[in-house]
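Q:
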Amino acid sequence: MADEPLVLGIETSCDETGVGIVRGTTLLADAVASSVDTHARFGGVVPEIASRAHLEAMVPTIERALKEAGVSARDLDGIAVTAGPGLAGALLVGVSAAKAYAYALGKPLYGVNHLASHICVDQLEHGPLPEPTMALLVSGGHSSLLLAPDITADVRPMGATIDDAAGEAFDKIARVLNLGFPGGPVIDRLAKEGDPAAIAFPRGLSGAKDPAYDFSFSGLKTAVARWIEAKRAAGEEVPVRDVAASFQEAVVDVLTRKAVRACTDEGVDHLMIGGGVAANSRLRALAEERCERAGLRLRVPRPKLCTDNGAMVAALGAEMVARNRPASDWELSADSSLPVTDPHVPGNHGHGSDHDHVHEISKDNLYS
Amino acid sequence: MDTATPAVTAALHDGSAVVAESSRVDARRHGELLLPAVDRVLAEAGVKLDAVTGVVVGVGPGPYTGLRVGLVTATTFASALGVPVHGVCTLDGLAYAAGLDEPFVVATDARRKEVYWARYENARTRVSDAAVDRPADIAEQVAALPAVGAGALLYPQTFPDARGPEHVSAGALAALAAERLAAGEDFLDPLPLYLRRPDAQVPKNYKVVTPR
Ligand SMILES: [Zn+2]
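Residue numbers (the working numbering), protein chains in the order written: chain A, 285 to 652; chain B, 12 to 223.
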């Protein structure tokens, strides 16, 4: 539908420079430049290297996305950008670019929340989000259970990791097993040839008195590392496939059990899973199985939309436009610890009038 | 525009003179202040951004996080407007503003007890590459020369003849670029003069996007 908002989204919260373009809930372009290879030899994302890469990739990635979408920048209805949370210096490159682009084109600017974007991206895959949506976000940076009655205005934290993120645990175990960085894909692959029941690794925060929806992966990580070291110390060969499968099983068992329980407790009949770890095949399979048993519908976007990308930011931006949410102002700053309860960062110029205000300034800029 | 020093500075130049300028010193808020500064300058001049035929940006050297704000803003403007973007060494802008007609030094604050600096024959002619050093290590090379910039003012032992301007102004940068454009000179690519390798340290919580 041509009257749905056409929005360009920019994402630079970590190591992917993403620019996506959507029309309403339709994906038109998803351009990503990743600096992950540069970080690999450090075993993790180096903030300064990520920021340098974002700066160089920014304009080419915007231009690639426009070409891919086959739209003119002048036809855009808004520019959305990840305002946080994320790496401060990396976020700042995207926010500055989005401001400059919106200003030059005379378009409203929407600073949006990275986590809410991870949820909203599913609209591009499975259509409008059910309200409320229960979302499990799992990646190298986040492990959260979120309840979203309205993705543009009301996102509530149900639970989160109290130590490591799930993806971080994959990276660390991969490092102990000398499998390189990032750890997720390689552990997933090896686990397929291993026995998930071979070793009984601990399930964190799963006791009766533990918080129902919080996660902990630090103890699991230590247990796996100790088990591997003990084998090595005894001069025995480490059964890498079994370790990978058993470790992975411990992670996805806890994630899916708690997510399904949250849905049941809250009376929500859909579970959405997003973030880079949502690409894990065992997580998808077990979630499918448990959702079916609990009578829940599972929504997991394709892997490319689960990892950090610009399309998810554009998807949330389009929803902001569609629901007439106030735009951000030109002082918008990158906020590395933007709370998940703020799906976007509206401007400071009074209540409700922000949107019109930005339109007024913008109209006066260009192409009016 | 330039964000390589604590000054967040933007100016509009019409080829013969600076039409409007806005500078604010706030080393930690380049990201918030630059776009409003551009907006103020254009409003004051009564000009819309699409009238601009080229963008001039200081490429540093300067603290990276702030420096990148100016560069990404300039390159994105240029892409959106379809106009060229010209990189100018920030120290050259300071030298030009100093207007000295004798050999001198420009030094800005590189933090970590170091300065970004270069030597100049006169206000328009740099005779050394921009470098980053501890003031004590370059004392001999800069001895007896007048010195301009916050880096010089910060270390009077190394730069006894230190003076202003402290920070670069976009007006001076634009005026210098206008001279170079008229003379058909080349510009630098709009990429930061980093001068230091990135700190290749992975922080403990390396993807710090976990909500508290
Ligand atoms: Zn993410």
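All C-beta atoms, glycine included, are put in the ideal place defined by N, C-alpha and C.
Source: prediction; values computed, not measured.
1. For A/A317, which residues in the same chain have their Cβ closer than 7 Å to its Cβ, ignoring the five residues on either side in sequence?
2. Counting contacts by CB-CB distance shorter than 8 Å, is B/P157 in contact with chain A?
3. In angstroms, rounded to a whole number, what distance separates the CA positions of A/E583 and A/A313?
4. How many whole angstroms separate the CB atoms of A/L360 and A/S612, which I take to be in contact at a CB cut-off of 8 Å?
5. Start and end of the beta strand (DSSP E) containing A/Y394?
6. Under three-state DSSP, which class holds B/Y75?
7. Tell me whether A/H338 counts as near ligand 1, meaning its Cβ is closer than 7 Å to at least one heavy atom of that ligand.
8. Within the 8 Å Cβ cut-off, does A/R336 reach chain B?
9. Do B/P201 and B/V70 count as a contact pair if the criterion is CB distance below 8 Å?
10. Examine ligand 1 and report whether any of its heavy atoms sits within less than 7 Å of the Cβ of A/D592.
11. Report all residues from its chain with a CB closer than 6 Å to the CB of B/A21; omit the five preceding and five following residues, and keep chain order.
12. According to DSSP, is B/L23 helix, strand or coil?
13. Can you give me, in chain order, the residues of the stretch 349-363 of chain A that have a beta carbon less than 9 Å from any beta carbon in chain B?
14. Measure from the C-beta of A/W614 to each C-beta in chain B and report whether the shortest distance is under 8 Å.
15. Drop a sphere of 10 angstroms on the beta-carbon of A/V396, count the other beta-carbons inside from all chains shown, and report buried for 16 or more, exposed for fewer.
16. Closer than 7 Å to a non-hydrogen atom of ligand 1 - does that hold for the CB of A/H323?
17. Could you tell me which chain A residues have their CB closer than 9 Å to the CB of B/Y127, listed as they occur along the chain?
18. Taking 6 Å as the limit between beta carbons, can you name the residues of its chain near B/A31, skipping five residues before and five after?
19. Under 7 Å: does the beta carbon of A/S423 sit that close to some heavy atom of ligand 1?
20. Check each candidate in A/L420, A/L375, A/L292 and name the one with the smallest Cα separation from A/T540.
21. Beta-carbon separation of A/A432 and A/T417 under 8 Å?
22. Which chain A residues are close to B/A141, counting only those with a beta carbon under 7 Å from its beta carbon?
23. Quick one, which residues of the stretch 85-104 of chain B are near chain A if we go by CB-CB under 9 Å, in chain order?
A: For this structure:
1. Translated into the one-based positions of the first sequence, residue 317 of chain A becomes position 33. Taken in chain order, the residues that qualify are T301, A341, T345.
2. Here residue 157 of chain B refers to the residue found at position 146 when the second sequence is read from its first residue. False, the Cβ-Cβ gap to chain A never drops below 8 Å.
3. As a position in the first sequence, residue 583 of chain A is number 299, starting the count at 1. As a position in the first sequence, residue 313 of chain A is number 29, starting the count at 1. Sequence check: residue 583 of chain A is Arg here, not Glu. So the two alpha carbons sit approximately 21 Å from each other.
4. To locate residue 360 of chain A, count along the first sequence from 1; it is residue 76. To locate residue 612 of chain A, count along the first sequence from 1; it is residue 328. So it is not a contact: roughly 15 Å between Cβ atoms.
5. The count along the first sequence starts at 1 and reaches residue 394 of chain A at position 110. For A/Y394, the enclosing beta strand (DSSP E) has its first and last residue at 393-397.
6. For the purposes of this step, residue 75 of chain B is taken as the residue at position 64 of the second sequence. The answer is helix: DSSP assigns B/Y75 an H, G or I state.
7. Reading the first sequence from its first residue, position 54 is the one you call residue 338 of chain A. Checking the Cβ of A/H338 against ligand 1 gives no.
8. Position 52 of the first sequence, counted from the first residue, corresponds to residue 336 of chain A. For A/R336, the nearest beta carbon of chain B is closer than 8 Å to its own beta carbon.
9. Counting from 1 along the second sequence, the entry for residue 70 of chain B is found at position 59. Counting from 1 along the second sequence, the entry for residue 201 of chain B is found at position 190. It is a contact, given that the beta carbons lie within the stated cut-off.
10. Start at 1 with the first residue of the first sequence, and residue 592 of chain A comes out as number 308. Under cutoff, so the answer is yes.
11. Here residue 21 of chain B refers to the residue found at position 10 when the second sequence is read from its first residue. Excluding its 5 nearest sequence neighbours in each direction, B/A21 has C-beta neighbours in its own chain below 6 Å: M12, S33, A48, V49, V52, A181, listed in chain order.
12. For the purposes of this step, residue 23 of chain B is identified with residue 12 of the second sequence, where counting begins at 1. Here B/L23 sits in strand by DSSP.
13. Result list: A357.
14. Here residue 614 of chain A refers to the residue found at position 330 of the first sequence. By this cut-off, A/W614 is an interface position.
15. Reading the first sequence from its first residue, position 112 is the one you call residue 396 of chain A. By the neighbour-count criterion, in which a residue is buried when 16 or more other Cβ atoms sit within 10 angstroms of its Cβ, A/V396 is buried.
16. Within the first sequence, residue 323 of chain A is the residue found at index 39, counting from 1. Incorrect: A/H323 has no Cβ contact closer than 7 Å to ligand 1.
17. Start at 1 with the first residue of the second sequence, and residue 127 of chain B comes out as number 116. Here the premise fails: no neighbours, minimum Cβ distance about 17 Å.
18. As a working note, residue 31 of chain B is residue 20 in the second sequence. Result list for B/A31: L23, V52, E55, A56, in chain order.
19. Here the question's residue 423 of chain A lines up with position 139 in the first sequence. For A/S423, the CB falls within less than 7 Å of some heavy atom of ligand 1.
20. Here residue 540 of chain A refers to the residue found at position 256 when the first sequence is read from its first residue. Residue A/L420 is the option with its Cα nearest to A/T540.
21. Mapped onto the first sequence, residue 432 of chain A falls at position 148. Mapped onto the first sequence, residue 417 of chain A falls at position 133. Closer than 8 Å, so yes.
22. Position 130 of the second sequence, counting from 1, holds the residue named residue 141 of chain B. Those within 7 Å of B/A141 in chain A number zero; the least Cβ separation is about 18 Å.
23. Under the 9 Å Cβ criterion, the stretch 85-104 of chain B contributes A85, T86, T87, F88, A89, S90, A91, L92.
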